[in-house]
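Chains A and B, in that order, are what the protein sequence lines are. Sequential numbering of the first sequence, starting at 118, is according to this note's numbering. Sequential numbering of the second sequence, starting at 300, is according to this note's numbering. C-beta atoms are modelled at their ideal positions from N, C-alpha and C, and glycine is treated no differently.
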Amino acid sequence: MEHTAVLPAEAHETTTGLNHRKVLMWAFLGSDCMLFGSLIGTYLVYRGRYLAGPKPTDVFDIPYTSVSALALLMSSLAMVLALAAIQRGDIRRLKIWLLCVAGLGLVFIGGQVYEFTSFGEEGLNLAVSTFGTTFFVLTGFHGTHVTFGIVWLLMIWIMAKRGQMTQARSLDVEIAGLYWHFVDIVWIIIFTVVYLIPV
Amino acid sequence: MATLTAPVAERGLLARPIEPTGVWSWLTTVDAKRIGILYGVTAFIFFLIGGTEALVMRTQLAVPDSRLVGPGIFNAMFTMHGTTMIFLVVMPLSVAFFNYIVPLQIGARDVAFPRLNAFSYWVFLSGAVLMHLSFVIGQVPDTGWFSYANLTERAYSPSAGVDFWVVGLQVLGIASLAGAFNFLVTIINLRAPGLSLMRMPLFTWTTFITSILMVLAFPVITVALVELMFDRLFGTNFFNTAQGADPILWQHLFWVFGHPEVYILILPAMGVVSDVLPVFSRKPLFGYPFMVYAVASIAFLSFTVWAHHMFTTGLGPIATSFFTASTMLIAVPTGIKVFNWISTVYGGSISLKTPALFALGFIAMFTIGGLSGVMHASPPVDTQHQDTYFVVAHFHYVLFGGSIFGLFSGIYFWFPKITGRMLDEKIGTLHFWLMLIGFNLTFGPMHFLGVDGMPRRIFTYPAEMGWGTWNLVATIGAYIIGLSILVFIVNVFKSLRSGDRAGADPWDGRTLEWTTSSPPPHYNFAEIPVVHARDDFWVQKYPDLAGGHGGEIIASAPVAVAAAVGHDEHVYVHLPDPSYWPLITASGIFVAGFGLLFFMLLLPVGLFVVLFGTVGWSTEPVNG
Ligand code: HEM
Ligand SMILES: [Cu+2]
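Right, here's the structure in full:
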């Protein structure tokens, strides 16, 4: 929301000493836990209960998805380095690492798009079975989160290019980072629940 | 680090609006007090709409075999009545007080995110309007406020009614979440120096806990609504039994949200009552820490009881036992509160002004509703109660007897603060007694009807069932409630025209909102107060009796007031300027929702406006 401008209010002390926007992000992540919890819950309720269409074992290509999962996990490392860079005041490296994060995120999203298309060719879609329904909606929600994160990081990158990101605004990167790491962790859970644990 | 305080140099996409009055000033306001008034007035209009729907139902049910409205209209009425009262009346009325009162109670000048606050109101209004557009095209939601699957699937509810319900509620959910985040951060981070958590007024506490409940409960209903929407619009199978789906999933998701939601509805009213009773008993709240722990533990427990709405679905003995136990457990903190309120009043020098009347009415009515709640915590008993008028009686005693009475107590209590004028005591007392009598005539007999087996949600009943008498009584009661609301409206208009001037502290109050003028200046406090005690203002006024209750009423006491009021002109406090972006972003959400309902092509247009609004918003020079 208010992630690119420094509020004058932030110059004043807050009761807890924590920044407003940081507390907001933590609250949002708590809320998002419940969102993914409900979606994953739905997936688990319908595990193995499908009457038509391809089964998970027919379509999943675990090595392929593991690679794109790895890309997403590596992006978290780059995110840590991006934050460290701006905290040191090293804007050049900030820009590099931000591009790395966004790039690895794009690799993940590209992988997802490819996966969705190839599953579609094998006859799996939203309407064909409860598996198709729950799989696409759960992973689609996650993919939307990743896409949103990429746009956000690229916005910060643009601002950095324009010289608007300074060491003083490292909080902007920190908050985006919180979001990014959260989305990664959610993928670890989804990957385990959906792909790895056999039905 | 030095740049931190420097004003942001960049120019925004649109200049900040500057008009201090007029329509644009309201459309672009980011002042929590104005937003509170917008919320309150909107909620009251929907209260009248929802009340009219209730009267249609009661008129239809007044006599057996009535054919005044058919079953179709009746279904639409109870669906929109329930949905309206919960999401468009009790919640926004509570939020109105969050906005107006909480910043005052914590000694803040505004909320943590003023523009997010404005956004929350406009999104709320969008959701409410979207849902009511269903009346325009004559396809009104008609599947009940909990819209059980799979009745709601396209195959069984082919009209667009359910679509309006689904889209409207999703939009309302965004508004609730935005508001909840804001108040959570505000209370964590904007308390005046010295205002530690255990010194906060109870209304601030319940706002805090309610916000946590909203943050955690609303995503769950969002997922349920998205699933239903996908089923209806994109042919998914979440609730399609032909593909092996289980419609009970909807009930689980709905009630995981739904039970915390009932506490979202009642906790703010409990906070109001906990602040009102000490003022009119001239005694501190009895057992303050226990009250706080009770509110917090209720919030926690409210996530563990949802399946008590689902006993009759056959959960199996273990789950049934668990949910019975947890439901009975939640009655314990609830009981603690009732005893604390009674002990607060006990031995006080009580003055029966209207806020106190409504607060006492709240205690009595809520206790009755709580007792029937514990009754259907027992599965064998609930099997008899489920879907009968007994449950209707229960939730009206807690929601109307509880939330609405509590919120009216708040209206009478804080109206002078908000408008600077007193409501008339005589008319107020008349309002109270009419409403209390009307309420009990309407909902008391429903206990008997329910035990006698009258199902809820039927549009008529045969004379041989013998339910005619009590139904007629209930209908008469409903019209008395209607009359009492008219009396209230008269009172408001009379007060706005010629009510007595309130002064800063008309009730001899205890908390910070009474230290500033009525209505408060734009910036709330010329100087941020420093808090030294619970009920700080009271302690300042009466250092000698801080612990006990005041014997005689001392005519309006004034120590700290004078400092804060009076020299508005000399104070310069820079507050956030108004902004177009919340309205623009919210209108994007409206267009997107409208697109989903009428014309898919508008969906991307709406989303684009949201994106545009977000960019404009985040690049707007703050206070530029
Ligand atoms: C002592 C505390 C309470 C207990 C033990 C309790 C218990 C219950 C139970 C077991 C039911 C399910 C009845 C059935 O459908 O067969 C129920 C329904 C309901 N309760 Fe409560 N309740 C309590 C307080 C409240 C409060 C404070 C509110 C709201 C302010 C509330 C609102 C409702 C509503 C709206 C329903 C009906 C939902 C529907 O079917 O449409 N309850 N309650
Ligand atoms: Cu419940």
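Residue i classed as buried or exposed, judged by whether at least 16 other C-beta atoms fall within 10 angstroms
i	result
Y455 of chain B	exposed
M528 of chain B	buried
V604 of chain B	buried
I563 of chain B	buried
A541 of chain B	exposed
L882 of chain B	buried
A314 of chain B	exposed
R357 of chain B	buried
T611 of chain B	exposed
E826 of chain B	exposed
D574 of chain B	buried
T250 of chain A	buried
F556 of chain B	buried
M764 of chain B	exposed
G222 of chain A	buried
M513 of chain B	buried
A832 of chain B	exposed
G705 of chain B	buried
I662 of chain B	buried
Three-way DSSP call (helix, strand, coil) for residue i in this model
i	result
P820 of chain B	coil
T271 of chain B	Not covered by the structure: residue 271 of chain B. The range shown for chain B is 300 to 923.
P588 of chain B	helix
P171 of chain A	coil
T687 of chain B	strand
V162 of chain A	helix
R333 of chain B	helix
L367 of chain B	coil
G240 of chain A	coil
E232 of chain A	helix
S183 of chain A	helix
I314 of chain A	coil
D843 of chain B	helix
N539 of chain B	coil
V864 of chain B	For V864 of chain B, the pLDDT reaches just 42, beneath the cut-off of 50, and the residue's location in the model is therefore unreliable, leaving the point undetermined.
K287 of chain B	Residue numbering for chain B in the displayed model covers 300 to 923; residue 287 of chain B lies beyond these limits and cannot be assessed.
F299 of chain A	helix
A305 of chain B	The predicted model places A305 of chain B with a pLDDT of 35, which falls under 50 and marks its position as unreliable; any figure quoted below should be read in that light. A305 of chain B falls in the coil class under three-state DSSP.
F412 of chain B	coil
CB contact flag (residue i, residue j, <9 Å)
i	j	result
L360 of chain B	T741 of chain B	no
S433 of chain B	G406 of chain B	no
V329 of chain B	A411 of chain B	no
G892 of chain B	G905 of chain B	yes
F308 of chain A	T182 of chain A	yes
S650 of chain B	F585 of chain B	no
L532 of chain B	P559 of chain B	no
F657 of chain B	F731 of chain B	yes
D149 of chain A	F252 of chain A	no
G668 of chain B	H693 of chain B	yes
W766 of chain B	P363 of chain B	yes
G349 of chain B	A395 of chain B	no
I400 of chain B	W713 of chain B	yes
P315 of chain A	F236 of chain A	no
D804 of chain B	W813 of chain B	yes
I306 of chain A	F177 of chain A	no
T247 of chain A	Y163 of chain A	yes
K725 of chain B	P818 of chain B	no
Contact list for residue i against chain E, beta-carbon separation under 8 Å
i	result
F533 of chain B	The displayed structure is made up of protein chains A and B, and chain E is not among them.
Near ligand 3: residue i beta-carbon under 8 Å from a heavy atom
i	result
W554 of chain B	Absence of ligand 3 is noted for the structure shown, with ligand 1 and ligand 2 being the only ligands found.
Return the chain-ordered ranges of every alpha helix (DSSP H) run that is complete within the stretch 465-534 of chain B and spans a minimum of 4 residues. 501-533
Length at least 4, wholly inside the stretch 561-605 of chain B: the alpha helix (DSSP H) runs in chain order: 587-600
Let me know the alpha helix (DSSP H) ranges lying completely inside the stretch 693-719 of chain B, each 4 residues or longer, listed in chain order. 704-718
Give the list of continuous alpha helix (DSSP H) stretches no shorter than 4 residues that lie fully inside the stretch 742-822 of chain B. 767-797
Residue ranges of each alpha helix (DSSP H) within the stretch 188-275 of chain A, 4 or longer: 208-238
Kindly provide the chain-ordered list of residues whose Cβ lies closer than 6 Å to any non-hydrogen atom of ligand 2. B:H558, B:V561, B:V604, B:H607 and B:H608
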